[in-house]
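So for the sequence shown, the numbering used here puts the first residue at 102; every next one is plus one. From the three backbone atoms N, C-alpha and C, an ideal C-beta is built for every residue, glycine too. One structure is given below, encoded as structure tokens.
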Amino acid sequence: MKTNTNVLLLEDDPEYVLLMKTFLGEPGEGERFRTRAAETLEEGLRRLEEGGVDVVLLDLMLPDSRGLATLDRVLNTAPQVPIVVLTGLYDEQVALDAVGRGAQDYLLKDELELSILSRAIDYAMERKRLEKGLFQRANCDALTGLANRELFLNRVNMALSRAERSGSGIAILFIDLDRFKSINDSYGHDAGDETLKTVAQRIKAALRAYDTSARL
Numbered sequence: 102m103k104t105n106t107n108v109l110l111l112e113d114d115p116e117y118v119l120l121m122k123t124f125l126g127e128p129g130e131g132e133r134f135r136t137r138a139a140e141t142l143e144e145g146l147r148r149l150e151e152g153g154v155d156v157v158l159l160d161l162m163l164p165d166s167r168g169l170a171t172l173d174r175v176l177n178t179a180p181q182v183p184i185v186v187l188t189g190l191y192d193e194q195v196a197l198d199a200v201g202r203g204a205q206d207y208l209l210k211d212e213l214e215l216s217i218l219s220r221a222i223d224y225a226m227e228r229k230r231l232e233k234g235l236f237q238r239a240n241c242d243a244l245t246g247l248a249n250r251e252l253f254l255n256r257v258n259m260a261l262s263r264a265e266r267s268g269s270g271i272a273i274l275f276i277d278l279d280r281f282k283s284i285n286d287s288y289g290h291d292a293g294d295e296t297l298k299t300v301a302q303r304i305k306a307a308l309r310a311y312d313t314s315a316r317l
């Protein structure tokens, strides 16, 4: 694990934010955690879109979003980032639903201390790493690492459902490589594979964290 872990805390209680920063440290302080806070979901989502977040500590009850819908929006925006849900009131069914939807852990605020929180963050990141490995093998193209056809169609259906609910639209861009066959014929399939991997890397680098790139 790297020296600094960038933590995004989504919490609207300033006293609790101060407590968490006392536990974990603020940006630029210490060698273990760097903690930034957002008091609304929209602010948190913007920071996730900017990247650089290693783990999210999430209060489900925020001024602009409440309940598991808060978790869903964070997952949709940054599915690759592990999430630890923090709550002031334990509800076993909500805890099970949160983990079932994709959170890595569910902790009570009034039972937290540094050792518990630090361990929860470490475990969440490790579980997410293992989860991503399993997901990669099942849903991604082995050569390029892009989403495979099954995952692509799943993401399209999810995007269409969200667009229908919100009244917005989606965009799908199809890209073909001109004269790709001549690369294989002239330089061999290894060169063709390297070309595909390079193109895939450039496409992924140009996209936002919550966009999907796929190889069909």
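| Query | Result |
| --- | --- |
| C-beta contact flag for L158 and M121 at 9 Å | yes |
| Contact belief for L142 with L111 at Cβ below 8 Å, rounded distance in angstroms | 7 Å |
| CA nearest to the CA of D223, picked from L274, A179, L317 and I184 | I184 |
| I284: first and last residue of the uninterrupted alpha helix (DSSP H) it sits in | F281 to Y288 |
| As assigned by DSSP and simplified to three states, the class of S269 | coil |
| Contact check, T188 vs L208, beta carbons under 9 Å | yes |
| Backbone secondary structure at Y117 - three-state DSSP | helix |
| Span separating the alpha-carbon of P115 from that of L235 | 38 Å |
| Test item: CB-CB of V182 and L231 under 9 Å | no |
| For A184, the first and last residue of its enclosing alpha helix (DSSP H) | Just to set this straight, residue 184 is Ile in the shown sequence, not Ala. Taken as a continuous stretch (DSSP letters only), I184 belongs to no alpha helix (DSSP H), being part of the beta strand (DSSP E) at I184 to T188. |
| DSSP beta-bridge partners of R167 | M162 |
| CA nearest to the CA of L278, picked from A204, T296 and L163 | T296 |
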